[in-house]
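>
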Amino acid sequence: MNTPTTLFEKVWSDHVVVEETTDTPAVLYIDLHIVHEVTTPQAFTVLRENKLPVRRPDLTLPTLDHSTPTTPVSSFKDLLVAGEGAARQVRQMEQNCEEFGLDLLGYGSGRRGIVHVIGPELGATQPGKTIVCGDSHTSTHGAFGALAFGIGTTEVGHVLATQCLLQRKPKTLAVNVEGQLPPGVTAKDLILAVIGKIGVDGGTGHVIEYRGSAITALDMEARMTICNMSIEAGARAGMIAPDETTFAYLEGRERSPQGPAWDEAVARWKRLRTDDGASFDKTVTIDANELTPMVTFGTNPGMVVSIEDAVPERSDASFQKALDYMQVEPGKPMTGNSVDVVFVGSCTNGRVSDIADAARVLEGRKVADGVRMLVVPGSELVKAEAEARGLDKIIVAAGAEWREAGCSMCIGMNGDIAQPGQLTVSTSNRNFEGRQGVGARTVLASPATAAASAIAGHVADPRDYS
Amino acid sequence: MKPVTRIQSRTVVLPTRDIDTDQIIAARFLTTTSREGLGKNAFYDLRYDKNGKEKPEFALNKPEAKGCGILIAGNNFGCGSSREHAPWALLDFGIEAVISTEIADIFRNNALKNGLVAIVVDSESHQWFMDNPGVELTIDLEDLSITTNGGRRTSFSMDGFARHCLLEGVDQLGFLRQQQDAIGQFEENRAWKP
């Protein structure tokens, strides 16, 4: 009998072109390379300097998301909303794709959007694939049982030129989540609780597999939210074994296998699970029944607290520095903090179900005076579907802004920023100092918590708005 | 990449833990298509106040920090975003090596591919480095050691391939391209096609 192996080990070994030795890392084949305008220009320059083509344009999926404005774009002038550098970067990406024969999902495609939103919604993200992108939240695609991780620009060049990466095999970490999420508690709250428990470096050097009844009960969009934030615990990747929920999501999508190929693919995907008796290097267990809505209080995603609890007290200098930056008092709950901006969107929470969660809270209510709320769909397809469901009308009627697809306020480089000192409740993934603008203060939360906070005018418990 | 065998420089200490790559180089400075000239924006929001004036209390702004090429950083340095602009900015700023008790995976990979030596040491040695800012260190990649002029010696480990690439200045793209035949065979023979 074969030795029992984990889901990660199965996907890893299926892609080893050359085995690793003590002297050299493995050569690992990449099935899908998603590229965007910010982390690729220098890689295309290397290809040009070495007179190299892109080895597999058919396995390369380029789009525009990070430095694109979330106001309508029909000309170069419209791009300048995000600044001249950002506009030039978008233009450079269009030129690079043209020159290297890549089919850019850009303006006019109707398919443009955040790298980690479009891969899954097009059906390009599939179980058992290796997926990389010059973006740390590539871990999102692990929700399908893919091995997906972020890489730097030098490695983007390696994949463009060779479709391979030099990689050392990471360790494995099982995160078991048993039980049932209580009403009003979402995947975002769950992953924030995981990061709070293991810390922002708890996953360093590891690939996480999320397991247990609370994980299998989640829909695909919620699973993506979980895997998305694996990197916030320092992990290389996060994975969830594919199941009927996964197959139902993928069936019939543009780039999903069709006809007989679909049946073959599903048969292959069904084998992608951790064998009984396989061992992980580390294991962590979380009880879903105990969870409550979570909000961050500090300047990394591990500094997180239940909406019901007081901000903890600790004496170390890094902790104190974070609280000073956030202007948050220990010993008091986060609900006392007034809010200036609310952002619903990003690769963490910019899908239709996230927008629907926010709209459910906003319906028949008004955003508090003095609060600016932006709702930004993760892709042009998400935007179209949300509009078909009338969600945009609820959002606008509540006094929030309904914008064009992009990374928006998750990363302060496209014109959407908070002002110094402003407090933003954000459905994104990073509350780092200055992430949403110089001096901006970020509280990470679920879409429902963000919408509740917009209505209350202070950080609020979404369960009071159900 | 230029070979790196030995780094001899004084240290500057940033004791804060979990310094993320957004701190090292903020997103607003990533709207570039080049890897040059990022050093002036390294740690920008820590170095300058909102009027663009230097914050004198910040470690890297102190007169004694000038010319220091070895950064001693708090635990989990380089976490967060995968931006390779972070090591590009540090190198351009004049940092040649970073020493911590833990260095985030993607940052470490990016750093080593650019000749920025990222080193993890035990917590006792790290504490000594934290307590002795400005000390002159010699990092030797041949025997994987850090020594002070006073003879204090710390050894560290490093992935053999990363070390080989640093010592020989190996271009990893060139190394990968030598595997073309194996890659072609893999594409041909695999059981399913992506």
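Quick mapping for you: the protein sequence lines, in order, are chains A and B. Heads up, the first sequence is in the numbering used here, so the first residue is 31 and it goes up one at a time. Heads up, the second sequence is in the numbering used here, so the first residue is 52 and it goes up one at a time. Heads up, the beta-carbon is just placed ideally off N, CA and C, and yes, glycines get one too.
Measure the beta-carbon distance from A/Val46 to A/Leu37 and round it to whole angstroms, keeping in mind my assumption that it falls under 8 Å.
Wrong, their Cβ atoms sit about 16 Å apart, outside the cutoff.
> Under 8 Å Cβ-Cβ, which residues of chain A neighbour B/Gln230?
Result: Val47, Val48, Val57, Thr192, Cys194.
> Identify every run of the beta strand (DSSP E) within the stretch 198-235 of chain A, keeping only runs that are complete inside it and at least 3 residues long; order them along the chain.
Within the stretch 198-235 of chain A, the complete beta strand (DSSP E) runs of at least 3 residues are 201-208.
> Considering only DSSP beta bridges, list what B/Ser196 is partnered with.
Bridge partners of B/Ser196: B/Asp191, B/Ser206.
> Between which two residues does the beta strand (DSSP E) holding A/Phe327 run?
Premise fails: A/Phe327 is in no beta strand (DSSP E) and is neither H nor E.
> Rounded to whole angstroms, what's the CA-CA distance from B/Glu238 to A/Arg85? Just pull it up for me.
Each residue's Cα considered, the two are about 12 Å apart.
> What would DSSP say about A/Arg402, mapped onto helix, strand or coil?
Correct three-state label for A/Arg402: strand.
> Taking the alpha carbon of B/Pro66 as the point to measure from, which residue in A/Val473, A/Ala418, A/Ala347 has its own alpha carbon closest?
The shortest C-alpha separation from B/Pro66 is found at A/Ala347.
> Give the interface partners of B/Cys130 over in chain A, defined as CB-CB distance under 8 Å, in chain order.
Per Cβ cutoff of 8 Å: Val230, Asp231, Gly264, Asn330.
> Let me know if A/Val489 comes out buried or exposed under the rule of 16 or more other beta-carbons within 10 Å of its beta-carbon.
With 16 or more other Cβ atoms within 10 Å, it is buried.
> Below 8 Å, how does it come out for the stretch 177-186 of chain A and the stretch 262-273 of chain A: are there three or more Cβ pairs, yes or no?
The answer is yes - the stretch 262-273 of chain A touches the stretch 177-186 of chain A, with three or more Cβ pairs under 8 Å.
> Any beta carbon from chain A within less than 9 Å of B/Ile123's own beta carbon?
It does not; no Cβ of chain A falls within 9 Å.
> In this structure, how does DSSP classify A/Glu417 when only helix, strand and coil are distinguished?
A/Glu417 falls in the helix class under three-state DSSP.
> Quick check on the burial criterion: 16 or more other C-beta atoms within 10 angstroms. Buried or exposed for A/Asp384?
Counting Cβ neighbours within 10 Å, A/Asp384 comes out buried, since at least 16 surround it.
> Going by CA-CA distance only, name the one from A/Val215, A/Ala204, A/Met356 that's closest to A/Gly233.
Closest by alpha carbon: A/Ala204.
> Taking only beta carbons into account, state which residues of the stretch 147-181 of chain B come closer than 8 Å to chain A, listed in chain order.
So the close ones are Glu153, Ala155, Asp156, Ile157, Asn160, Asn161, Lys164, Asn165.
> Should A/Asn367 go down as buried or exposed, given a rule of 16 or more other Cβ atoms within 10 Å for buried?
Flag for A/Asn367 reads buried.
> Rounding to the nearest angstrom, what Cα-Cα distance links A/Tyr279 and A/Gln210 in this structure?
Those two C-alpha atoms are separated by around 22 Å.
> May I have the straight-line CA-CA distance separating B/Glu153 from A/Ala484, to the nearest angstrom?
Cα-Cα distance, rounded: 38 Å.
> Below 8 Å, how does it come out for the stretch 49-65 of chain A and the stretch 318-331 of chain A: are there three or more Cβ pairs, yes or no?
They do not touch, by the three-pair rule.
> Taking B/Ile146 and B/Gly120 to be in contact with their CB atoms under 8 Å, please state how far apart those CB atoms are, rounded to whole angstroms.
6 Å between Cβ atoms; contact.
> Might you give, ordered along the chain, the residues of its own chain that have their beta carbon closer than 7 Å to the beta carbon of A/Ala398, omitting 5 neighbours on each side?
These residues qualify, in order along the chain: Ala484, Ile485, Ala486, Gly487.
> Please identify the residue among A/Thr101, A/Tyr355, A/Ala482 whose C-alpha is closest to the C-alpha of A/Val401.
Among A/Thr101, A/Tyr355, A/Ala482, the Cα nearest to that of A/Val401 belongs to A/Ala482.
> Could you work out which residues of chain A lie near B/Pro107, taking near to mean beta carbons separated by less than 8 Å?
Near B/Pro107 there are no residues of chain A at all, since even the closest Cβ is about 17 Å away, more than 8 Å.
> At a CB distance below 7 Å, what residues from the stretch 430-450 of chain A approach chain B? Give them in sequence order.
Correct list: Ile441, Gly442, Met443, Pro450.
> Can we say the stretch 251-264 of chain A touches the stretch 155-170 of chain A, given the rule of at least three CB pairs closer than 8 Å?
A contact exists between the stretch 251-264 of chain A and the stretch 155-170 of chain A.
> Measure from the C-beta of A/Ser376 to each C-beta in chain B and report whether the shortest distance is under 9 Å.
A/Ser376 does not count as touching chain B.
> Compare the C-beta of A/Ser97 with all C-beta atoms of chain B and state if any pair is closer than 9 Å.
Interface residue, yes.
> Run through the stretch 54-108 of chain B for me and flag every whole alpha helix (DSSP H) of 4 or more residues, listed as ranges in chain order.
DSSP runs (the alpha helix (DSSP H)) wholly in the stretch 54-108 of chain B: 72-75, 95-98.
> Start and end of the beta strand (DSSP E) containing B/Ile157?
Looking at the DSSP string, B/Ile157 is not in any beta strand (DSSP E); the run it does join, the alpha helix (DSSP H), is 156-164.
> What does A/Lys351 reach in chain B if we use C-beta pairs closer than 9 Å?
Per Cβ cutoff of 9 Å: Thr67.
> Measuring alpha carbon to alpha carbon, tell me which residue in A/Thr255, A/Pro450, A/Pro360, A/Gly436 is nearest B/Asn102.
Ranking A/Thr255, A/Pro450, A/Pro360, A/Gly436 by Cα distance to B/Asn102 puts A/Pro450 first.
> In chain order, what residues of the same chain lie with their CB nearer than 8 Å to the CB of B/Gln74, ignoring the 5 residues before and after it?
Around B/Gln74: Phe94, Asp96, Leu97.
> Does the beta-carbon of A/Gln288 have 16 or more other beta-carbons within 10 angstroms, so that it is buried, or is it exposed?
Result: exposed.
> Could you name each continuous alpha helix (DSSP H) segment of 4 residues or more that falls completely within the stretch 212-243 of chain B, going from the start of the chain to the end?
Entirely contained in the stretch 212-243 of chain B, the alpha helix (DSSP H) runs reaching 4 residues are, in chain order, 223-228, 231-240.
> So B/Lys104 contacts chain A; which residues on that side make the cut at Cβ distance below 9 Å?
Result: empty, since nearest Cβ-Cβ is about 14 Å, beyond 9 Å.
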